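What the sequence shown shows, in the working numbering, is residues 862 to 977, in sequence order. For every residue, glycine included, the Cβ atom is placed at its ideal position computed from N, Cα and C. Everything numeric in this text was worked out from a predicted model, so none of it was measured.
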Amino acid sequence: QVRLVESGGGLVQPGGSLRLSCAVSGNIFSVNTMGWYRQGPGKERELVASITSGGSTEYAGSVKGRFTISRDNAKNTVYLQMNSLKSGDTAAYYCKTEISLRGAYWGQGTQVTVTS
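In structure tokens:
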């Protein structure tokens, strides 16, 4: 059984910051790529950022320079530091992780709302 627990979402004003966390637990051998996706109102789910087990990162163009993804391999946890938040960042944010020999798993989602 694999479990993903997300935390850190909430309500923030434009220009503010939030930090999302996603902890993976359960019967896992190793965690490969971890990432954050988001789905805004009336939009399709999109990749926000991803990070490989070796630390290589990828970002959506709309968040480059504002968001930073990182991970703690010892804790099987991925983080998303979000700075300079905009109203367009409002969305449900989902953690996705790829686990060796098991496939991909999704978290339940955490809501981020940016509003004045």
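CB contact flag (residue i, residue j, <8 Å)
i    : j    : result
G870 : V973 : yes
S961 : S891 : yes
T976 : L872 : yes
L865 : G970 : no
P875 : K947 : yes
Contacts around residue i, its chain only, beta-carbon distance under 8 Å, and the 5 residues preceding and following it disregarded
i    : result
R906 : Y898, R899, Q900, Y955
G938 : Note on identity: in this sequence residue 938 is Thr, with Gly being the wrong assignment. The answer, listed in chain order, is S882, C883, A884, V885, R932.
N888 : Q862, V863
N934 : V892, S914
Cutoff 6 Å; reference residue i; Cβ partners in own chain excluding five residues on either side
i    : result
R927 : N944, S945
Y920 : A910
S914 : N893
S868 : S882
Close-in-space but distant-in-sequence residues of the same chain around residue i (CB under 7 Å, 5 per side omitted)
i    : result
A824 : This structure does not reach residue 824, given that the chain is present from 862 up to 977, and the question cannot be answered.
T929 : Q942
G877 : L946
Presumed contact (8 Å Cβ cut-off) between residue i and residue j, rounded CB distance
i    : j    : result
A910 : L941 : 6 Å
Using 8 Å as the Cβ pair cut-off and three pairs as the minimum, do the region 955-963 and the region 888-905 touch?
yes
Along the chain, which unbroken stretches of the alpha helix (DSSP H) at least 4 residues long are found entirely within the region 907-941?
none
Would you list, in sequence order, the uninterrupted beta strand (DSSP E) runs of no fewer than 3 residues that lie entirely inside the region 938-971?
The region 938-971 is shown to contain whole beta strand (DSSP E) runs of 3 or more residues at 938-943, 952-960, 964-967, in chain order.
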